[in-house]
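Protein chains in written order, with this note's numbering: chain A, 1 to 704; chain B, 1 to 335.
These notes are about the structure you will find just below.
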């Protein structure tokens with residue numbers, strides 16, 4: 001743990017607010033410490049990244065058209081069949097017009113192998129640190145990246161994904177190592193260790209396959225094996241590639257047995273020891289002059305030690321063609337291994353017939369007695385070798401069929417077709433990959449703003465009395481409100497205003513409003529005293545509803561019809577509309593609930609708009625003038641209404657906006673507050689907490 | 001008011017029936033008796049089998065279940081507040097599972113500090129499955145885009161920026177007297193915007209590390225990027241509602257517009273890079289393989305860049321929508 005790690009919790013625990021936190025961070029990073037490595041400041045909550053975009057924003061104007069191949073080393077085609085295959089793949093890519101770069105995790109056995117790539121026009125980078133630097137500067141140019149082998153993919157997948165973000169990543173298994181190791185475990189000195197290794201590789205290879213965009217298997221069998229683990233993988237088959245001889249010399253000029261293989265590959269070592277010890281003696285019992293020639297790179301002492309009058313352990317040779325041309329039978333007594341055996345394909349491509357095992361034959365579609373002889377066990381294997389050696393007709397038939405098989409399935413031309421089908425075409429590859437937006441759950445349409453409930457016009461009893469008080473001397477909405485309320489389709493509205501303070505005729509007042517103003521008081525008389533005066537002159541029982549409005553509210557379109565339809569449908573004796581959230585609020589409880597049509601409550605505010613149905617008149621009217629400005633009535637009325645079994649509620653689907661004046665801006669708060677407490681003390685009432693509970697909500701869309 | 005009720009658990013859900021079953025299961029196993037708390041479950045317009053799941057728990061809990069048309073998180077929470085009956089409200093998420101003592105711990109904290117303006121923040125850890133996710137570990141423990149618990153001490157007093165939705169409780173009266181959620185916020189910032197207003201009432205948040213819940217959902221890179229974008233959008237609205245330097249700092253809007261202009265064209269690449277590194281890290285976790293420091297560093301850098309870019313994207317896009325729509329007042333609210 002360094003100093004920075006110690007500082008981190010202290011910094012996070014400092015009792016300063018976020019504004020100062022950001023100021024300090026900015027100062028530290030841009031001020032005297034700007035010269036330090038920004039990574040050191042991870043303590044200031046910027047882990048893994050210093051917030052500097054420069055490193056993450058490669059130029060966008062350069063084409064995304066190159067192809068990168070990554071393998072453990074530059075291919076050494078004369079040393080191992082995997083390299084031979086990769087070299088041919090590189091040739092095919094160049095021939096198809098791709099601009100190819102190559103990263104080798106390490107040097108090959110000799111610098112000439114990297115040189116050979118550069119001579120072909122392949123930009124070649126060797127070693128992990130140069131590779132990372134190269135990806136940092138050129139990663140954005142890659143439309144596709146081909147990564148061979150599990151260990152190489154493990155190292156390079158992350159930097160490729162980070163630095164070549166557009167690339168299609170192809171993971172080439174070469175062969176399924178875990179299958180090979182599993183089979184080899186039985187022949188190893190320590191089978192448990194072998195199985196553990198196989199399991200490690202299984203996990204690694206499956207993780208690589210899951211992390212890549214596309215996976216290359218070398219045979220159909222191995223493709224099926226991968227799909228069995230993860231059916232969703234995009235696995236394509238790309239077999240070994242062989243240059244096919246036009247024709248082969250006949251058996252009469254040929255002699256002896258032949259094997260070729262890279263000996264860093266353990267199954268080849270086993271195969272030769274097994275053949276020398278258990279099969280060759282049986283063959284020589286019948287054919288005493290027959291010898292075995294063993295060729296291959298990295299030949300270990302254990303194989304060299306097999307040298308005898310019957311066995312020639314040659315080792316590495318640069319030109320193997322003469323060996324194929326002179327041998328009579330190719331033997332591949334493989335007891336384990338995986339994938340597709342390059343040596344067998346190589347032999348068939350030269351017209352040299354093969355005797356092998358089932359494991360040796362797998363993945364190539366070889367049929368016993370047609371393209372090759374397939375035998376298990378020393379006796380059977382030796383008999384097959386002897387038979388093929390002696391039967392010239394069988395020899396010629398296998399030679400021809402082998403050449404044909406390779407030509408049809410594993411020749412350059414055929415595999416080139418497979419290869420091009422699994423790559424992004426070289427011409428169109430400059431198009432960017434991955435322009436998709438993040439996927440997310442589509443939300444349903446926003447909350448409905450209005451309920452569809454309306455009242456049938458059939459009833460006769462549809463008169464509404466609306467009483468309002470306004471202050472002509474200050475800005476108010478009384479004129480607009482009048483228009484809105486009088487435009488009801490469903491109700492016959494009688495609207496009466498009282499004005500307070502400046503006389504309407506002295507202020508610049510709307511003529512309609514003046515006509516509706518039935519009462520004026522120059523003196524600041526409490527609202528409910530005025531309302532009682534208005535009421536005393538009216539025959540209230542003619543009206544189904546009495547509505548009281550203030551002059552500083554704004555109504556949604558069609559308010560009255562919608563509001564009363566809901567009050568009617570929910571059987572609320574007393575109701576109020578909810579307030580929009582941008583309103584000034586006395587009680588947050590009455591703020592509009594979105595998605596809710598209305599709620600059965602124990603609280604309806606006395607103003608700025610309330611609505612009382614006829615059965616409530618006797619119980620609640622006239623207004624109790626002891627309540628200052630009506631304050632406190634809201635806590636007394638629910639008790640009275642509930643005693644009579646009547647319902648009260650808030651209508652959310654028709655909310656009003658109350659944003660013109662702050663409440664209590666026109667009268668003295670403290671006085672009114674203490675008067676309210678005195679009023680409440682004498683009457684049964686609810687507390688705020690008791691009142692502000694919805695017994696039931698009725699949501700939009702009908703569920704109750 | 002039912003005097004035996006100690007606490008109302010407001011739980012909002014949307015199309016997460018299977019997670020909800022686990023959340024309700026945990027509520028059924030609280031140390032508080034079922035008569036001591038109620039569950040107010042607001043279904044914000046689910047179209048899955050939420051209702052069937054709820055019916056299973058109806059007999060096990062004091063449960064009030066209401067379905068509303070999809071209206072967003074703030075609206076759903078307000079609906080829950082409105083229906084709650086107990087003096088304490090704890091806000092829960094449908095992807096969190098409570099420890100059996102969690103409700104009792106929330107209640108004890110309020111007993112200990114009965115002042116109306118004291119709220120309580122509980123602790124949230126990662127469940128078994130999310131804790132295996134490199135992304136979830138990053139957003140919880142490294143980038144702290146989701147939560148930010150590592151510097152907190154049990155019992156510590158915190159400011160309004162810690163009134164985190166889905167794991168905090170407060171007195172019902174605080175909300176009734178000083179404010180509820182603003183439904184303009186369909187996702188993100190609704191909790192801190194309310195807390196910002198409650199600040200005027202003296203809001204303080206007390207951390208109770210023993211009030212434990214466990215996050216059981218594993219988010220995807222795309223899901224989290226989208227979440228950051230929505231958060232960014234809400235941040236802009238929050239600042240429009242309260243244009244001052246404190247909110248500007250919290251919403252991280254400083255320089256957002258010029259930063260977005262610089263990175264907008266790169267956004268698809270940032271997204272793909274983070275997705276693919278996440279896919280790699282998950283593939284390794286799935287196979288029981290470790291993520292080495294090199295991978296972890298690249299992964300975290302990609303996450304950090306994508307989530308920052310997504311947040312900025314949301315803020316700037318929302319800001320430009322507002323500017324191109326002259327008719328709408330700041331914050332886009334309508335009466």
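Using N, Cα and C, we set each Cβ at its ideal position, and we do this for glycine too.
List the residues of chain B that residue i touches, going by C-beta distances under 8 Å, in chain order.
i	result
residue 588 of chain A	175, 176, 177, 178, 179 and 180
residue 581 of chain A	182, 183, 184 and 333
residue 204 of chain A	287 and 289
residue 649 of chain A	The contacting residues do not exist; residue 649 of chain A stays about 12 Å from chain B at best.
Could you check if residue i is buried or exposed, using at least 16 other CB atoms within 10 Å of its CB as the buried criterion?
i	result
residue 527 of chain A	buried
residue 118 of chain B	buried
residue 106 of chain A	exposed
residue 428 of chain A	Only weak support exists for where residue 428 of chain A lies, its pLDDT of 41 falling under 50; the coordinates are left without a value.
residue 483 of chain A	exposed
residue 288 of chain B	exposed
residue 591 of chain A	buried
residue 200 of chain B	exposed
residue 417 of chain A	exposed
residue 682 of chain A	exposed
residue 20 of chain A	exposed
Any beta carbon from chain B within less than 8 Å of residue i's own beta carbon?
i	result
residue 137 of chain A	no
residue 59 of chain A	no
residue 483 of chain A	no
residue 241 of chain A	no
residue 557 of chain A	no
residue 596 of chain A	yes
residue 157 of chain A	yes
Does the CB of residue i have a neighbour CB from chain A at under 8 Å?
i	result
residue 218 of chain B	no
residue 323 of chain B	no
residue 63 of chain B	no
residue 242 of chain B	no
Let me know the secondary structure DSSP gives residue i once reduced to three states.
i	result
residue 181 of chain B	coil
residue 98 of chain A	coil
residue 379 of chain B	Outside the modelled stretch of chain B, which goes from 1 to 335, sits residue 379 of chain B, for which no answer is possible.
residue 234 of chain A	coil
residue 171 of chain B	strand
residue 696 of chain A	strand
residue 526 of chain A	coil
residue 140 of chain A	helix
residue 608 of chain A	coil
residue 65 of chain B	strand
residue 495 of chain A	strand
residue 577 of chain A	strand
residue 591 of chain A	strand
residue 242 of chain A	strand
residue 220 of chain A	helix
residue 520 of chain A	strand
Please indicate yes or no: does the CB of residue i lie closer than 7 Å to some heavy atom of the ligand ZN?
i	result
residue 510 of chain A	Here there are no bound small molecules, and the ligand ZN is not part of this structure.
Give the interface partners of residue i over in chain A, defined as CB-CB distance under 9 Å, in chain order.
i	result
residue 77 of chain B	Result: empty, since nearest Cβ-Cβ is about 10 Å, beyond 9 Å.
residue 305 of chain B	49, 51, 53 and 56
Listing by chain order, which chain B residues have their CB less than 7 Å from the CB of residue i?
i	result
residue 19 of chain A	245, 246 and 249
residue 214 of chain A	Neighbours of residue 214 of chain A on chain B: none; closest Cβ ~13 Å, over 7 Å.
residue 165 of chain A	269, 272 and 273
Counting only Cβ pairs nearer than 7 Å, list the residues of chain A close to residue i.
i	result
residue 283 of chain B	207, 210 and 211
residue 302 of chain B	162
residue 172 of chain B	689
Taking C-beta pairs closer than 9 Å, name the residues in chain B that residue i reaches, listed in chain order.
i	result
residue 697 of chain A	66, 68, 79, 82 and 83
query: When you check each C-beta in the segment 80-108 of chain B against every C-beta of chain D, which residues fall closer than 9 Å?
result: Looking for chain D here will not work: the only protein chains present are A and B.
query: For the segment 91-103 of chain A, which residues have a CB atom closer than 8 Å to at least one CB atom of chain B, in sequence order?
result: Identification of residues in the segment 91-103 of chain A having a C-beta nearer than 8 Å to some C-beta of chain B yields an empty set.
message: Counting only Cβ-Cβ distances shorter than 7 Å, please list the residues of the segment 672-692 of chain A near chain B, keeping chain order.
response: Residues 688, 689, 690 and 692.
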